[in-house]
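FYI, the numbering for the sequence shown is 1 to 386, going by the UniProt record's numbering.
Heads up, the beta-carbon is just placed ideally off N, CA and C, and yes, glycines get one too.
Working notes for the structure below.
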Amino acid sequence: MRLLLLLLWPTALYPGGGGEAAPADLQGPTSYRVIQISSFANSSWAQNQGSGWLGDVQIHGWDADAGRAVFLKPWSKGNFSDEEMVELEEIIQVYLTGFILEVQDHAPEFQMQYPFEIQGVAGCQLHPDRGTESFLRGALGGLDFLSLKNHSCVPAPEGGSRAQRICELILQYEGIRDIAEKLLFETCPRFLLGLLDAGKAELRRPVRPEAWLSAGPAPGPGRLRLVCHVSGFYPKPVWVTWMRGEQEQQGTRRGDVLPHADGTWYLRATLDVAAQEAAGLSCRVKHSSLGGQDMVLHWGGGNSALLTLSGLAAVVTLLALPVVHTCCKKRSSNRKAPAPSPDSPMGTNTPKPRTSGHQLYTPQESWVKNRFLEKLKASLNRLWRR
């Protein structure tokens, strides 16, 4: 049962103050979190997925087959040496292997019905005035299961008695808690600070947004949907709204801030108005890259011309449809459909070979599982002695 607790404790980061203070001039992301997704199809088939995120930017992946981290940025190792990263990879691999084995062994005890999925997120955050704040949340099948607050395991109401029993068990294992505190107060803040320093040239580089206006699908007769697009900006915080003069329009609807592949962001804000009320409206954009000078785009002018061109294009398309239809009809009448070849019968589906699932883990001897914790402690000791 000890390794079942590794779901919660190797990355169990308590809320509270850490030993390292955050820089006073923090800009951009200030948190690092690890996401784990473990899928269990049956008692012998399971797989793990993992990723590491600095703020909203993914900087780590996990190659389950090789048991190695995937570094997505040149600075993804922070200020850790290659040797330290190898030690961390070994810790993660030992944990993930042991976690799969223990969950499969104890699934009947906790009445886990296959298939099921366990999700976890844990990390730490730096604040200029509060030092380190850390967090962990666990979920089962997408529903909150438990979290850690004030050095205590708190079962979620959705977790029922199962979450309560696991929380009670966790608090009995001081050895696991000691490992977690080491990872919390020494490893996580040091790693996060190293990432912020190593990646500062990219993380603190502001990118000005591009913005343009367009008309969306008409919400009704005599009404317009005005769309303000803001794209390619960094960092993520941005303020976009529709205005009439200096008055914000309460009907503005903002979508989610979506990521681009290059690490910049996109947002759009829409406003539905009567067609005769569109004149005089503008979209205002505030972003740190603009140096205090708001970007303002007025509805009308170029946009009216664009709408006119769009309307003309639609009319031309409608007029051309009968001509295209007549030409196609004449061509089809001069052609004869070829008969199916007997050498290539229609409707025959050749089955493709199915790829087998990742049979990553199988039940092993109990003595192997009993050595996981000792191996984990040895790896941690080597890491912390550096």
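Look at the Cβ atom of residue i, then the Cβ atom of residue j, and state whether they are nearer than 8 Å.
| i | j | result |
| --- | --- | --- |
| S38 | F99 | yes |
| N48 | L96 | yes |
| V94 | F40 | no |
| R223 | A275 | yes |
| L267 | V296 | no |
| C124 | P189 | yes |
| D272 | R284 | no |
| L146 | I166 | yes |
| I291 | L195 | Note on residue identity: the sequence assigns Gly, not Ile, to residue 291. Going by C-beta atoms, G291 is not nearer than 8 Å to L195. |
Let me confirm a value: residue i is counted as buried when at least 16 other C-beta atoms fall within 10 Å, else exposed. Which label applies?
| i | result |
| --- | --- |
| R205 | exposed |
| R253 | exposed |
| W299 | buried |
| E248 | exposed |
| A339 | Note that A339 has pLDDT 38, beneath the 50 cutoff, so the model's placement of it is unreliable and the number below is only indicative. With fewer than 16 other Cβ atoms within 10 Å, it is exposed. |
| L321 | Only weak support exists for where L321 lies, its pLDDT of 48 falling under 50; the value from the coordinates is given anyway. By the neighbour-count rule (16 or more Cβ atoms within 10 Å), L321 is not buried but exposed. |
| residue 395 | Absent from the structure is residue 395, since the part of the chain shown begins at 1 and ends at 386. |
| L46 | Correcting the residue identity first, residue 46 is Ala in this sequence and not Leu. Classification of A46: buried, given that the 10 Å Cβ count is 16 or more. |
| E277 | exposed |
| Q250 | exposed |
| L193 | buried |
| A201 | exposed |
Using C-beta distances below 8 Å, list every residue in its chain close to residue i, excluding the 5 sequence neighbours before and after it, in chain order.
| i | result |
| --- | --- |
| L72 | Q58, I59, H60, G61 |
| G216 | R225, L226, V227, T270 |
| E117 | I37, S38, S39, F40, L140, G141, G142 |
| P115 | S39, F40, A41, N42 |
Excluding five sequence neighbours on each side, which residues of the same chain lie with their C-beta closer than 6 Å to the C-beta of residue i?
| i | result |
| --- | --- |
| I35 | S51, V121 |
| S214 | V227 |
| R162 | F110 |
| E158 | L143, D144 |
| K63 | Lys is not the amino acid found at residue 63; the sequence shown has Asp there. If we look at D63 and ignore the five residues flanking it on each side, its Cβ neighbours are V70. |
| Q119 | I37, A139 |
Which residues in the same chain have their Cβ closer than 7 Å to the Cβ of residue i, if we skip the five residues on either side of it in sequence?
| i | result |
| --- | --- |
| K236 | D56, V257, W265 |
| T355 | Its pLDDT being 34, under 50, T355 is placed unreliably in this model, and the coordinates cannot settle the point. |
| R33 | W53, V121, A122, G123 |
| A218 | L224, R225 |
Would you mind working out which of the options sits nearest residue i, comparing C-alpha positions?
| i | options | result |
| --- | --- | --- |
| T30 | N42, G142, L54 | L54 |
| A261 | Q249, C283, Q247, F233 | F233 |
| A139 | E83, V154, F80 | V154 |
| G131 | L290, E181, F185 | F185 |
| H287 | V207, L136, A64 | V207 |
| W75 | E84, A198, G292 | A198 |
| E87 | R68, Y32, L193 | R68 |
| S289 | Y173, W239, G175 | W239 |
| G280 | L193, V70, G245 | G245 |
| M85 | P128, I179, G160, F191 | F191 |
| A66 | Q164, E90, S81, P221 | E90 |
| G263 | L203, L101, S152 | L203 |
| M243 | H151, S282, D129 | S282 |
| L101 | L169, S44, W212, T241 | S44 |
| A211 | P221, T241, G220 | T241 |
| E174 | S152, A156, G160, P128 | S152 |
If you measure from the CB of residue i, is any heavy atom of the ligand MN nearer than 7 Å?
| i | result |
| --- | --- |
| L101 | Because no ligand of any kind appears in the structure shown, any question about the ligand MN cannot be addressed here. |
Beta strand (DSSP E) runs contained entirely in the UniProt domain "Ig-like" (189-289), provided each spans 3 or more residues: 210-215, 223-233, 239-244, 265-274, 281-286
Runs of alpha helix (DSSP H) wholly within the stretch 106-171 (minimum 4 residues, chain order): 160-170
Every unbroken beta strand (DSSP E) within the stretch 56-82, with a cutoff of 3 residues, ordered by chain: 57-63, 68-71
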